[in-house]
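One structure below.
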Amino acid sequence: MNVVVVESPAKAKTINKYLGPGYKVLASFGHVRDLPAKDGSVLPDQDFEMVWEVDSASQKRIKDIADAVKSSDALFLATDPDREGEAISWHVLDVLKKKRVIGDKPVKRVVFNAITKKAVLDAMANPRDIDEPLVDAYLARRALDYLVGFNLSPVLWRKLPGARSAGRVQSVALRLVCDRESEIERFVSEEYWTIAALLKTPRGDEFEARLVSADGKKLQRNSISNGNDANRIKTLLEGATYVVDTVEAKPVKRNPSPPFTTSTLQQAASSKLGFSASRTMQIAQKLYEGFDIGGETVGLITYMRTDGVQMAPEAIDAARSAIGEQFGNRYLPEKPRFYSTKAKNAQEAHEAIRPTDFTRTPDQVKRFLDSDQYRLYDIIWKRGIASQMASAEIERTTVEILADNKGEKAGLRAVGSVIRFDGFIAAYTDAKEDGEQGDDSEDGARLPQINQAEALAKQKIDAAQHFTEPPPRYSEASLIKKMEELGIGRPSTYAATLATLRDRDYVTIDKRKLMPQTKGRLVTSFLENFFTKYVEYDFTADLEEKLDKISAGELDWKQVLREFWQNFFQQIEDTKELRVTNVLDALNDALAPLVFPKREDGSDPRVCQVCGTGQLSLKLGKYGAFVGCSNYPECSYTRQLSNEGGAEAEAIGTEPKALGTDPMTGEEITLRSGRFGPYVQRGDGKEAKRSSLPRGWKVEDIDYEKAMALISLPRDIGQHPETGKMISAGIGRYGPFILHDGTYANLESVEDVFTIGLNRAVTVLAEKQSKGPGRARTAAAALKELGEHPSGGAITVRDGRYGPYVNWGKVNATLPRGKDPQSVTVEEALALITEKSGKAAPAKTATKSPAKKAASADGEAKKAAKPKAAAKAKAPAKSKAATTKKKTDQ
């Protein structure tokens with residue numbers, strides 16, 4: 001018997017069917033070990049020795065693999081065909097060697113780009129050894145991520161409270177988002193005008209032409225910069241005669257784009273389907289692993305982590321055959337098309353993403369897929385087949401028109417196009433939608449017949465005012481494209497990097513645009529000022545290039561680490577002399593538009609308008625940054641540092657906004673902006689009554705009545721008919737509630753606090769009591785059954801009081817924010833359960849605090865103790881923690 005190790009149980013089941021009874025296929029469930037989030041996992045002083053740890057869940061899987069190998073004839077390592085897959089095979093083999101179960105058994109590495117019977121059998125017939133340079137590149141990447149994350153993050157915690165982490169790729173991606181926001185803030189809009197004429201041919205057909213020259217000069221976009229110039233030219237055109245000067249019809253060809261890579265698939269799925277990068281990769285993973293179609297489980301697409309743009313020769317032949325059958329020979333070019341990537345540092349080690357079988361059209365497999373799976377497969381199939389189709393043939397017509405008003409002349413232009421032959425467009429339309437650079441051959445509407453030298457009749461002249469707009473914020477798709485252009489990160493890391501930025505609350509997504517949060521901008525500004533080199537785009541791209549050279553066997557991985565660590569360690573050491581005041585001074589200058597927005601009256605935005613003499617400055621507290629007055633404690637003015645450059649504070653004003661007087665106490669009711677956000681206050685001094693604005697309430701909507709309602713909380717509703725004790729309503733730490741005799745019951749909305757009556761309150765309390773005391777509740781119904789845990793017991797997805805979670809026995813693991821419960825895979829569930837159970841497990845040695853959360857996928861630590869001697873380059877941590885087994889490559 002031969003043992004075959006793959007990554008996922010879904011693949012194991014399918015491949016076992018392909019190989020038959022002579023093979024036993026087992027799943028590693030991703031990485032079987034990782035660097036523990038504790039002191040000394042990477043040791044520069046010991047030539048970067050790396051200490052690996054196998055967690056409890058992986059111990060069981062390793063035991064199963066080791067037991068099977070003991071009685072086997074050979075071991076085949078068939079993990080994914082990328083750097084991470086090579087690393088997993090290396091980890092498995094290294095652990096088995098240490099367990100002394102390999103002996104003299106042959107060990108071979110097999111890779112296949114698609115999970116089909118032919119691809120798997122071909123791979124098994126052509127095994128190879130583990131690619132050591134590829135493993136070295138992985139080791140270098142993990143060591144770098146660990147050293148950056150575990151040494152730079154503690155600096156942030158000490159010098160910039162509230163910041164959570166920094167990472168080698170993550171921080172550079174965040175800088176891109178923050179730099180774009182700074183561009184937007186600095187942007188000064190300029191006025192410009194465009195002028196167009198609606199003209200009619202002698203045959204009665206109307207078309208539009210735009211002004212391109214006047215006063216003997218060619219016009220640029222901003223040439224007409226005010227209404228006076230626009231009206232003067234409009235008057236000229238109103239009284240002009242129009243004659244066609246030239247008509248030029250030019251045939252152009254538009255070529256198809258190559259098949260998808262990881263990044264272009266993520267871009268297209270974002271623009272066409274509205275999928276996030278992580279959602280795209282989840283669905284693509286399932287399409288790769290396959291579905292039961294016709295009694296056989298087959299993968300529908302090739303491996304989805306790739307920067308290659310070329311298809312295998314047999315796939316090109318299959319695509320050309322499908323084109324001839326489904327579209328006709330007219331759509332088949334004479335020769336196959338070959339592509340090369342323009343992305344910086346692309347390795348092109350694997351095929352582009354394509355269907356495993358072009359005869360499986362989207363319509364044929366639709367009934368086996370859910371809606372999202374079908375839509376993603378649809379664009380992969382269409383883009384793949386379009387890449388081998390004939391060019392689209394387009395005729396572009398440009399008409400130049402002369403306008404003459406008593407010797408004053410102007411020029412107009414009309415552009416139109418006609419598709420003479422649709423070519424690849426018949427399968428996949430408009431590559432420009434994917435964020436790619438296409439030609440503009442289809443710009444303009446279709447023009448009527450227009451002949452040279454004929455006179456045209458003027459119908460109408462329109463002059464339109466415009467204002468230049470700032471560059472757009474990045475979407476996930478455009479940020480991925482930019483990172484790829486700069487050579488930052490790798491295809492397998494983009495989705496994880498974006499997820500990390502969201503999870504850290506460094507960015508949020510609003511209408512599919514990435515908006516940097518205050519915390520993210522502070523971190524970026526700090527790194528730009530004090531760790532400039534390590535967030536430079538070129539430096540990060542050059543380091544990626546060195547990692548690629550390691551994988552090609554051209555560089556020694558430890559030498560790359562030595563060169564990096566020498567300078568990085570010195571930079572960390574230098575921050576010991578850095579005072580918080582130095583940090584604040586730098587951030588005050590770098591983030592001035594955010595921290596000190598301009599005032600309408602033109603006064604100095606850094607002067608405190610409460611005391612009139614103090615200077616406003618950033619302050620750092622336990623919960624992050626805020627703006628405060630230099631005259632503290634005499635002046636207690638503080639303001640929350642908001643994302644919109646102090647928009648909330650500006651809506652209130654720097655001084656308290658008077659709303660009225662409490663009729664009972666005679667004290668003034670004011671609306672204020674504080675360190676933790678806007679609030680209302682009655683009176684002054686330490687005894688003043690204060691109430692924060694509830695979530696969802698906007699500053700601009702707060703009036704006297706709403707302020708009085710907040711100040712008056714808690715509100716007495718009435719006496720309970722059975723106990724005679726008062727029922728009250730209020731807003732607490734966990735939201736709106738009612739209280740009776742020590743029993744709290746949650747209300748659905750803030751508005752209920754002010755409107756709920758006695759009868760409804762009694763009913764809510766009765767419902768609360770029927771559920772039992774404390775948190776005792778009936779188990780939530782399962783939303784999705786995922787299968788059996790390797791250690792036994794069902795894994796399910798459930799919906800709880802605080803959102804959806806994964807359940808296995810007594811372990812409940814909350815799903816990441818924004819994660820669709822129906823999209824959870826068993827591999828993701830196992831990773832969450834492993835992380836949760838690892839955190840819950842008792843520590844092996846006594847510690848002063850409970851185990852903290854593990855380093856995230858990009859090798860960062862969330863919490864750590866104060867660093868030990870920096871010369872040992874050891875990453876601090878308070879206690880041992882489990883780490884997730886997800887793929888990382890940043």
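Residue 485 in UniProt numbering sits at position 485 of the sequence shown, with consecutive numbering throughout.
Quick reminder that beta carbons are idealized off the backbone N, C-alpha and C, glycines included.
Burial state of residue i, where buried means 16 or more other Cβ atoms lie within 10 Å
i: Thr524; result: buried
i: Glu544; result: buried
i: Ala140; result: buried
i: Tyr734; result: exposed
i: Asn231; result: exposed
i: Glu181; result: buried
i: Arg221; result: exposed
For residue i, the first and last residue of its enclosing alpha helix (DSSP H)
i: Tyr704; result: 704-711
i: Gln465; result: Here Gln465 belongs to no alpha helix (DSSP H); instead the beta strand (DSSP E) covers 455-467.
i: Met124; result: 117-125
i: Tyr339; result: Run containing Tyr339: none; DSSP gives neither H nor E here.
i: Gln640; result: Careful: Gln640 lies outside any alpha helix (DSSP H), inside the beta strand (DSSP E) at 638-640.
i: Ala590; result: 580-590
i: Leu501; result: 494-503
i: Met281; result: 277-289
i: Pro154; result: 132-159
i: Asn228; result: 227-238
i: Arg61; result: 56-70
i: Arg83; result: 83-98
Paired residues, beta bridge with residue i - DSSP
i: Pro251; result: Glu395
i: Trp421; result: One point to set straight first is that residue 421 is Phe, not Trp, in the sequence displayed. In the DSSP output, where bridge partners are listed per residue, Phe421 has Glu393.
i: Val25; result: Val4
i: Phe626; result: Lys619, Gln640
i: Thr246; result: Glu400
i: Arg682; result: Ile669, Lys689
i: Leu514; result: Ile509
i: Ser728; result: Asp716, Leu739
Own chain partners of residue i with C-beta closer than 6 Å, once the 5 adjacent residues on each side are dropped
i: Ala625; result: Leu522, Leu618, Leu641
i: Pro106; result: Ala74
i: Leu402; result: Val243, Asp245
i: Asn631; result: Cys611, Gly614
Proximal residues to residue i (C-beta, below 7 Å), its chain only, five neighbours per side dropped
i: Asn2; result: Gly22, Tyr23, Ser72, Asp73, Ala74, Phe76
i: Ser213; result: Leu219, Ala410, Gly411
i: Pro9; result: Ala27, Val826
i: Thr359; result: Ala322
i: Cys635; result: Cys608, Val610, Cys611, Gly614, Cys629
Helix, strand or coil at residue i [DSSP, three-state]
i: Thr743; result: strand
i: Tyr474; result: coil
i: Ala114; result: coil
i: Thr814; result: strand
i: Trp697; result: coil
i: Pro721; result: coil
i: Cys178; result: helix
i: Met483; result: helix
i: Leu300; result: coil
i: Lys382; result: helix
i: Lys546; result: helix
i: Val365; result: helix
i: Leu659; result: strand
i: Glu748; result: coil
i: Glu53; result: strand
i: Asn631; result: coil
Endpoints, beta strand (DSSP E) assigned at residue i
i: Thr763; result: Not the beta strand (DSSP E): Thr763 falls in the alpha helix (DSSP H), residues 758-770.
i: Leu211; result: 206-214
i: Asn451; result: It is not in any beta strand (DSSP E) - Asn451 carries neither H nor E in the DSSP assignment.
i: Trp193; result: 191-200
i: Ser223; result: First-last for Ser223: undefined, no H or E at that position.
i: Thr796; result: 794-800
i: Asn807; result: 803-808
Beta-carbon contacts of residue i that lie in its chain and below 8 Å, excluding the five residues immediately before and after
i: Arg446; result: Gly416, Ser417, Val418
i: Lys234; result: Ile195, Ile461, Ala463
i: Ala173; result: Leu479, Met483, Ile488, Gly489, Thr497, Leu498, Leu501
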